[in-house]
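One structure below.
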Amino acid sequence: MEKLNLGYINPRALRGYNFYMIPKMIVIHQAFNGIGYGSKLLYGIILSKASLSAQNDDFIDGDGNLYVIYTVEQIMADLNCSGGTAVKMLKQLESVGLIIKKKVGQGSPNKILINMEMLDKYWEKGGDDDCQKPKGIIG
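Just so you know, the sequence shown maps onto residues 1 to 139 in UniProt numbering.
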């Protein structure tokens with residue numbers, strides 16, 4: 001593999017990039033050791049989509065919860081992975097309680113709800129000092 005010569009980044013150039021934010025808690029807390037890094041990246045993407053959904057009342061369910069529509073096909077394309085891998089990552093996030101998938105109906109994509117209570121649970125237990133609970137998070 002050939003090494004790319006792209007130059008170094010400067011602060012002005014850095015401001016022009018978009019980033020996915022992944023809560024540090026799910027990267028370093030042992031409660032989330034059972035999920036892979038691909039799943040953790042997917043969670044960051046889901047949070048990013050939730051941020052966009054929050055700007056649109058069309059993505060609030062009957063209970064007032066914000067949700068995201070993110071199909072397996074979209075995940076496959078975004079993360080360059082197989083359908084099996086996309087499903088596995090979603091299942092990992094659901095198994096630790098970070099997301100909840102709600103079935104909508106035949107032929108309609110599932111709604112993905114973000115379970116902020118799960119992260120709150122570990123912040124309240126006094127996780128790593130570097131894992132401070134953010135102010136004004138979605139929810």
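We treat Cβ as the ideally placed atom computed from N, Cα and C, and that holds for glycine.
Tell me, please, whether the segment 79-88 touches the segment 51-67 by the rule of three or more beta-carbon pairs shorter than 8 Å.
no
Could you check the C-alpha separation between G60 and K111 for me, to the nearest Å?
Here residue 60 is taken as the residue at index 60 of the sequence shown, counted from 1. Here residue 111 is taken as the residue at index 111 of the sequence shown, counted from 1. Gly is not the amino acid found at residue 60; the sequence shown has Ile there. Taken atom to atom, the span from the alpha-carbon of I60 to that of K111 is near 10 Å.
Proximity below 8 Å, CB of I35 to CB of L90
Stepping through the sequence shown from its first residue, residue 35 is reached at position 35. Stepping through the sequence shown from its first residue, residue 90 is reached at position 90. No, Cβ-Cβ distance for I35 and L90 is not below 8 Å.
Out of I100, G97, I46 and S51, which has the shortest C-alpha to C-alpha gap to G75?
Here residue 75 refers to the residue found at position 75 of the sequence shown. The amino acid at residue 75 is misidentified as Gly; the sequence shows Ile. Selected option, being the one with the closest Cα: I46.
If I'm right that A86 touches V72 with Cβ under 8 Å, what's the distance once you round it to whole angstroms?
Position 86 of the sequence shown, counted from the first residue, corresponds to residue 86. Position 72 of the sequence shown, counted from the first residue, corresponds to residue 72. The pair is a contact, with the Cβ atoms about 5 Å apart (cut-off 8 Å).
Which complete alpha helix (DSSP H) runs does the segment 67-127 hold, if anything under 4 residues is left out?
72-79, 83-95 and 116-124
I need the DSSP call for I60, collapsed to helix, strand or coil.
Counting from one through the sequence shown, the residue named residue 60 turns up at place 60. I60 falls in the strand class under three-state DSSP.
Is it right to say P11 is buried, meaning 16 or more other beta carbons lie within 10 angstroms of its own, or is it exposed?
On the sequence shown, position 11 is the one that residue 11 refers to. Exposed: under 16 other Cβ atoms inside 10 Å.
Is it buried or exposed for S108, if we count other Cβ within 10 angstroms and need 16 for buried?
As a working mapping, residue 108 is identified with position 108 in the sequence shown. Answer is exposed; the Cβ neighbour count stays below 16.
For I28, does the count of other Cβ atoms within 10 angstroms reach 16, so buried, or fall short, so exposed?
Along the sequence shown, one-based indexing puts residue 28 at 28. Exposed, by the Cβ-count rule.
Rounded to the nearest angstrom, what separates K116 and L98 at their Cα positions?
Here residue 116 is taken as the residue at index 116 of the sequence shown, counted from 1. Here residue 98 is taken as the residue at index 98 of the sequence shown, counted from 1. Looking at the sequence shown, residue 116 is not Lys but Met. Between M116 and L98, the C-alpha separation is close to 7 Å.
Span separating the alpha-carbon of I100 from that of Y37
Counting from one through the sequence shown, the residue named residue 100 turns up at place 100. Counting from one through the sequence shown, the residue named residue 37 turns up at place 37. When rounded, the distance between both Cα atoms is 19 Å.
Check for me: the alpha helix (DSSP H) holding R12 runs from which residue to which?
Stepping through the sequence shown from its first residue, residue 12 is reached at position 12. Where R12 is concerned, the enclosing alpha helix (DSSP H) stretches over P11 to L14.
Can you tell which of K121, G16, V104 and K103 has the C-alpha that lies nearest to the C-alpha of V96?
One-based indexing of the sequence shown puts residue 96 at position 96. Ranking the options by Cα distance to V96, first place goes to K121.
Here's the rule: buried if 16 or more other CB atoms are within 10 angstroms of the residue's CB, otherwise exposed. What is K103?
The sequence position of residue 103 within the sequence shown is 103, counting from 1. By the 10 Å Cβ count, K103 comes out exposed.
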